[in-house]
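Participant:
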Amino acid sequence: MDNPPGCGENKVNPLRLSLADWCFRPPEAAAEAWFRQVRAMGYDGVELVPAERRQAALDAGLEIVSLAGPGMADGFSRRANRAKLTDELKRLADEASACGAPYLVVFSGNRGGMSREEGFENCREAFSRLLPELRGSGVKLLFEMLNSFDHKDYLADREAFGFELADALDDPDFLLLYDVYHMAKAGDDPYDSVPRHIDRIGHFHIAALEKRGFPAEGAAIDYRRLLLPVRETYTGFFGMEFLSGNPAEDAAKAEKLFRSYAGTEPVKELRHSC
Numbered sequence: 016m017d018n019p020p021g022c023g024e025n026k027v028n029p030l031r032l033s034l035a036d037w038c039f040r041p042p043e044a045a046a047e048a049w050f051r052q053v054r055a056m057g058y059d060g061v062e063l064v065p066a067e068r069r070q071a072a073l074d075a076g077l078e079i080v081s082l083a084g085p086g087m088a089d090g091f092s093r094r095a096n097r098a099k100l101t102d103e104l105k106r107l108a109d110e111a112s113a114c115g116a117p118y119l120v121v122f123s124g125n126r127g128g129m130s131r132e133e134g135f136e137n138c139r140e141a142f143s144r145l146l147p148e149l150r151g152s153g154v155k156l157l158f159e160m161l162n163s164f165d166h167k168d169y170l171a172d173r174e175a176f177g178f179e180l181a182d183a184l185d186d187p188d189f190l191l192l193y194d195v196y197h198m199a200k201a202g203d204d205p206y207d208s209v210p211r212h213i214d215r216i217g218h219f220h221i222a223a224l225e226k227r228g229f230p231a232e233g234a235a236i237d238y239r240r241l242l243l244p245v246r247e248t249y250t251g252f253f254g255m256e257f258l259s260g261n262p263a264e265d266a267a268k269a270e271k272l273f274r275s276y277a278g279t280e281p282v283k284e285l286r287h288s289c
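To get my numbering, take the position in the sequence shown, counting from 1, and add 15.
1) Sort S163, I213, V120, L190 by Cα distance to A35 and report the nearest one.
2) I'd like the list of long-range same chain contacts for A267, defined as Cβ closer than 6 Å, with 5 residues on each side in sequence excluded.
3) Going straight from the alpha carbon of L149 to that of G233, what length do you get?
4) Just curious, the beta strand (DSSP E) that G60 is in, first and last residue?
5) State the DSSP-derived secondary structure class of M370, mapped to helix, strand or coil.
6) Return helix, strand or coil for L119, following the three-state DSSP convention.
7) What would DSSP say about K155, mapped onto helix, strand or coil?
8) Give me the Cβ distance between F122 and G177, rounded to the nearest whole Å; I'm assuming they're in contact under 8 Å.
9) Under three-state DSSP, which class holds F229?
10) I'd like the span of the beta strand (DSSP E) that includes D194, first residue to last.
11) Give me, in chain order, the residues of the same chain whose beta-carbon lies closer than 7 Å to that of Q52; leave out the 5 immediate sequence neighbours on both sides.
12) Could you pull out every residue in the same chain whose Cβ sits closer than 6 Å to the Cβ of R68, ignoring the five residues on either side in sequence?
13) For F164, count neighbouring Cβ atoms within 10 angstroms of its own Cβ and tell me buried if that reaches 16, exposed if not.
14) Ignoring anything shorter than 4 residues or poking outside the region 64-117, list the alpha helix (DSSP H) runs there in chain order.
15) What's the C-alpha gap between E280 and F253?
16) Measure from the alpha carbon of D89 to the alpha carbon of each residue in G128, K105, A108, then state which is nearest.
17) Would you call W49 buried or exposed, if buried means 16 or more other Cβ atoms sit within 10 Å of its Cβ?
18) Which two residues bound the contiguous alpha helix (DSSP H) that contains A263?
19) Looking at the structure shown, is I213 part of a helix, part of a strand, or coil, going by DSSP?
20) Taking A277 as the reference, give the member of P210, R239, F219, A235 with the closest Cα.
21) Using a threshold of 9 Å, state whether the C-beta atoms of L146 and L190 are closer than that.
22) Per the contact definition of three or more C-beta pairs closer than 8 Å, is the region 178-185 in contact with the region 98-110?
23) For Y206, which three-state DSSP category applies?
24) Along the chain, which unbroken stretches of the beta strand (DSSP E) at least 3 residues long are found entirely within the region 234-261?
25) Could you pull out every residue in the same chain whose Cβ sits closer than 7 Å to the Cβ of C22, ignoring the five residues on either side in sequence?
26) Does the beta-carbon distance from E270 to Y58 come in below 9 Å?
27) Could you tell me the distance, in whole angstroms, from the CA atom of A75 to the CA atom of S259?
28) Under three-state DSSP, which class holds N125?
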């Protein structure tokens, strides 16, 4: 007897898509009109939205996925920055709670001549103290790794740093923002690592490896292949954060392209490019 519809089939989670506000909003567009357009494209959320634009996003029916935290350069890698950054993140957690944003994006900061081991331990200690102070706020931390070509001297410049830090903290409120462009450019292999560490990843950022541009089909990073192994377990957003000369047009194209990837088969290997 054949299985009834849905029986014996792999279930997948809804594909949730978001846009990073900083790289898509047309400077001449009013926030209200722009966010209505983004929602009409089929996006579910927006990220890294400044305070003055958040209500317009919510009114358009979009979820505010994340707020940007401080410390990309002068970060938790140095103990001297800890008190200031902790106070700022606690303040931002209140802002995130007020607009329903589940995440604050946090960073390691630069090396500044210190060893990886020292910087890692400083980050581990700082986040282990900060996380209990945010407990109950409804806000989690998203730790982002960045390649050191675009962000010279950044400490967490490979995916291993993030995975090791998440394992060391082992806290459900500390997850990783896995920027596929950054990690592929750094030389990591997301096809291998992402499925193995998907429980540590809370969010993805999407861009082509080529000039951080539109993530076209046939480009160096095969996003169709990347999506397939994680669709059954991953419930977070895939966030578009690529550079474009035609932001509205390319945002709409990206939404359609990624919706079309759902349930398709992988086609190729990653080709490294700059």
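For every residue, glycine included, the Cβ atom is placed at its ideal position computed from N, Cα and C.
Facilitator: Per the coordinate set shown:
1) Working through the sequence shown from its first residue, we reach residue 35 at position 20. Closest option to A35, Cα to Cα, is V120.
2) To locate residue 267, count along the sequence shown from 1; it is residue 252. Around A267: M56.
3) In the sequence shown, counting from the first residue as 1, residue 149 sits at position 134. In the sequence shown, counting from the first residue as 1, residue 233 sits at position 218. Spanning the two alpha carbons is a distance of roughly 42 Å.
4) Stepping through the sequence shown from its first residue, residue 60 is reached at position 45. 60-62 is the span of the beta strand (DSSP E), which, as asked, contains G60.
5) The shown model of the chain, from 16 to 289, leaves out residue 370, and the question about it has no answer.
6) In the sequence shown, the residue the question calls residue 119 occupies position 104. L119 falls in the strand class under three-state DSSP.
7) Position 140 of the sequence shown, counting from 1, holds the residue named residue 155. Residue state, collapsed to three classes: strand.
8) Counting from one through the sequence shown, the residue named residue 122 turns up at place 107. Counting from one through the sequence shown, the residue named residue 177 turns up at place 162. F122 to G177, Cβ: 11 Å. No contact.
9) In the sequence shown, the residue the question calls residue 229 occupies position 214. DSSP places F229 in coil when its eight states are reduced to three.
10) Counting from one through the sequence shown, the residue named residue 194 turns up at place 179. 189-194 is the extent of the beta strand (DSSP E) around D194.
11) Reading the sequence shown from its first residue, position 37 is the one you call residue 52. For Q52, where only same-chain residues beyond five positions count, the Cβ hits under 7 Å are A263.
12) Numbered from its first residue, the sequence shown carries residue 68 at position 53. Excluding positions up to five away in sequence, the list reads A46.
13) Translated into positions along the sequence shown, residue 164 becomes position 149. It is exposed - the Cβ of F164 has fewer than 16 other Cβ atoms within 10 Å.
14) 66-74, 97-114
15) Position 265 of the sequence shown, counting from 1, holds the residue named residue 280. Position 238 of the sequence shown, counting from 1, holds the residue named residue 253. Bear in mind that the predicted position of E280 carries a pLDDT of just 41, short of 50, making it unreliable; the figure below should be weighed with that in mind. Distance between the alpha carbons of E280 and F253 is about 18 Å.
16) Indexing the sequence shown from 1 puts residue 89 at position 74. Cα-wise, what sits closest to D89 is G128.
17) Counting from one through the sequence shown, the residue named residue 49 turns up at place 34. So W49 counts as buried.
18) The residue you call residue 263 lines up with position 248 of the sequence shown. Its alpha helix (DSSP H) spans residues 262-276.
19) Position 198 of the sequence shown, counted from the first residue, corresponds to residue 213. DSSP places I213 in helix when its eight states are reduced to three.
20) The count along the sequence shown starts at 1 and reaches residue 277 at position 262. Comparing Cα positions, the closest option is R239.
21) Here residue 146 is taken as the residue at index 131 of the sequence shown, counted from 1. Here residue 190 is taken as the residue at index 175 of the sequence shown, counted from 1. Result no, Cβ atoms of L146 and L190 do not sit closer than 9 Å.
22) no
23) Locating residue 206 in the sequence shown gives position 191, counting from the first residue. Of the three classes helix, strand and coil, the one that applies to Y206 here is helix, per DSSP.
24) 252-255
25) In the sequence shown, residue 22 corresponds to position 7, counting from 1. With a pLDDT of 41 at C22, under the threshold of 50, the predicted position of this residue should be treated as unreliable, and no value is reported.
26) Taking the sequence shown and counting its residues from 1, the one referred to as residue 270 is at position 255. Taking the sequence shown and counting its residues from 1, the one referred to as residue 58 is at position 43. Result yes, Cβ atoms of E270 and Y58 sit closer than 9 Å.
27) One-based indexing of the sequence shown puts residue 75 at position 60. One-based indexing of the sequence shown puts residue 259 at position 244. Cα to Cα, A75 sits roughly 23 Å from S259.
28) On the sequence shown, position 110 is the one that residue 125 refers to. If DSSP states are grouped into helix, strand and coil, N125 belongs with the strands.
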